[in-house]
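Engineer: Dropping a structure here in structure tokens format, bear with me for questions.
Numbering (the working numbering), first residue to last: 70 to 381.
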């Protein structure tokens, strides 16, 4: 019989930590404005219904249940333990490689927006403690996410890109052709059903996003994420797009190098400890407008001290 491996300990200055992921629908990252997500619990996605956006979100992290303090943390947060999502197996089978995290979002905007208005942003409140290999890491990131606006040396460092060229998957369907929640509470709100209860991946399809004449000239534009990202790295393309209220959008962000479970980055054979360089700050994702006047979703990935089961 196989012997279970010992859990990985994340420790800084004598304190053991675990990762907590939270979601909110405003710009605030204050815990009172956030909802703690049960990572990998794809059968129970978080429902969103605000004045700006309606849909579901789920966050997956490979190996989170192998971190010391996971069980205690789940009990502390009032959540059940959940193993790795089947999404990772399904993504690998689809040729996406060995990813270690994934954010899935499925929903519709309640107002029409242009492609240049809606961005995916990571913004820090304090300066970062930059390692010497920062330029190499930035070249690597910008090679994947073309069009990314980056300044890691300013007082409030940021990574900002149009949502159209920042996500790893986009799928757009007409709301009239998409299953909607039909229970008594939600049947009149046109909230899309969650499509990934069993870890299903979202399949790229931007035929409703990219003009038909463009797709006719370059068929890969509607099915290939890298081609789509490059296309929308140009202002002349993303500024023409309109996020329509009668379209349902599926977005995925995933990669094989951000190890959220260990709060580190795997890069060029090295594990880079984010706690050391983030200056005590969490990692935040937000989908918002370029001018930050409207926030659709905010995600916070943070290290919190482990509380032993005996004291929970």
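The C-beta atom is built at its ideal place from N, Cα and C for all residues, glycine as well.
1) With respect to the beta strand (DSSP E) encompassing residue 135, which residues constitute its N-terminal and C-terminal limits?
2) From which residue to which residue does the alpha helix (DSSP H) around residue 249 run?
3) Which residue from 212, 331, 311 and 254 puts its Cα closest to that of residue 241?
4) Please state whether DSSP places residue 205 in a helix, a strand or coil.
5) Residues in its own chain within less than 6 Å of residue 319 by CB, not counting five upstream and five downstream?
6) Between which two residues does the alpha helix (DSSP H) containing residue 335 stretch?
7) Have a look at 149, 131, 142 and 83 and flag the residue whose alpha-carbon is nearest the alpha-carbon of residue 167.
8) Under 8 Å by Cβ, that's how I've got residue 227 and residue 237 pegged, so tell me the actual separation to the nearest angstrom.
9) Tell me the rounded alpha-carbon separation between residue 376 and residue 90.
10) With respect to the beta strand (DSSP E) encompassing residue 75, which residues constitute its N-terminal and C-terminal limits?
11) Among 112, 296, 351 and 119, which one has its Cα closest to the Cα of residue 153?
12) Note down the Cα distance separating residue 359 from residue 75, rounded to an integer number of angstroms.
13) Alpha carbon to alpha carbon, what distance is there between residue 328 and residue 78?
14) Write down the C-beta distance between residue 198 and residue 345 rounded to the nearest angstrom, noting that I regard them as a contact closer than 8 Å.
15) Quick one: what's got a C-beta closer than 7 Å to residue 263's C-beta in the same chain, skipping five residues either side?
16) Taking the CB atoms as reference points, tell me whether residue 185 and residue 302 lie closer together than 8 Å.
17) Check this for me: beta carbons of residue 290 and residue 297, under 8 Å apart or not?
18) Which value, in whole angstroms, describes the spacing of the CA atoms of residue 97 and residue 356?
19) For the alpha helix (DSSP H) that residue 355 lies in, which residues bound it at each end?
20) Can you round the beta-carbon distance between residue 367 and residue 187 to whole angstroms, since I take them to be within the 8 Å contact cut?
21) Looking at the secondary structure, which residues open and close the beta strand (DSSP E) in which residue 324 lies?
22) Go to residue 87, then tell me how far its beta strand (DSSP E) extends in each direction, as first and last residue.
23) Please check the pair residue 177 and residue 123, which I expect to be a contact at CB under 8 Å, by giving their CB distance rounded to whole angstroms.
24) Between the stretch 138-145 and the stretch 78-87, do three or more beta carbon pairs fall short of 8 Å?
25) Under DSSP, the beta strand (DSSP E) around residue 170 begins and ends at which residues?
26) Figure out for me which residue from 192, 151 and 82 has the closest Cα to the Cα of residue 230.
27) Restricting to Cα atoms, I'd like to know which of 160, 313 and 371 is closest to residue 324.
28) Cα-Cα, which of 155, 195, 275 and 340 is closest to residue 294?
29) Can you determine whether any heavy atom of the ligand ATP sits closer than 7 Å to the C-beta of residue 243, and answer yes or no?
30) Please go through the stretch 234-318 and give each complete beta strand (DSSP E) segment of 3 or more residues, from N-terminal end onward.
31) What's the call for residue 83, buried or exposed, on a 16-neighbour Cβ count within 10 Å?
Structural biologist: Quick answer:
1) Here residue 135 belongs to no beta strand (DSSP E), and DSSP marks it neither H nor E.
2) Residue 249 -> no alpha helix (DSSP H), and no H or E assigned at all.
3) 311
4) helix
5) 175, 240 and 271
6) Element bounds for residue 335: not the alpha helix (DSSP H) but the beta strand (DSSP E), 333-336.
7) 131
8) Contact doesn't hold; Cβ gap of about 20 Å is too wide.
9) 17 Å
10) Run containing residue 75: none; DSSP gives neither H nor E here.
11) 112
12) 45 Å
13) 14 Å
14) 7 Å
15) 114, 125 and 175
16) no
17) yes
18) 13 Å
19) Careful: residue 355 lies outside any alpha helix (DSSP H), inside the beta strand (DSSP E) at 352-358.
20) Wrong, their Cβ atoms sit about 14 Å apart, outside the cutoff.
21) 316-324
22) 84-93
23) 6 Å
24) yes
25) 170-178
26) 192
27) 160
28) 275
29) With respect to small molecules bound, the structure shown includes none, and the ligand ATP cannot be examined in it.
30) 238-243
31) exposed
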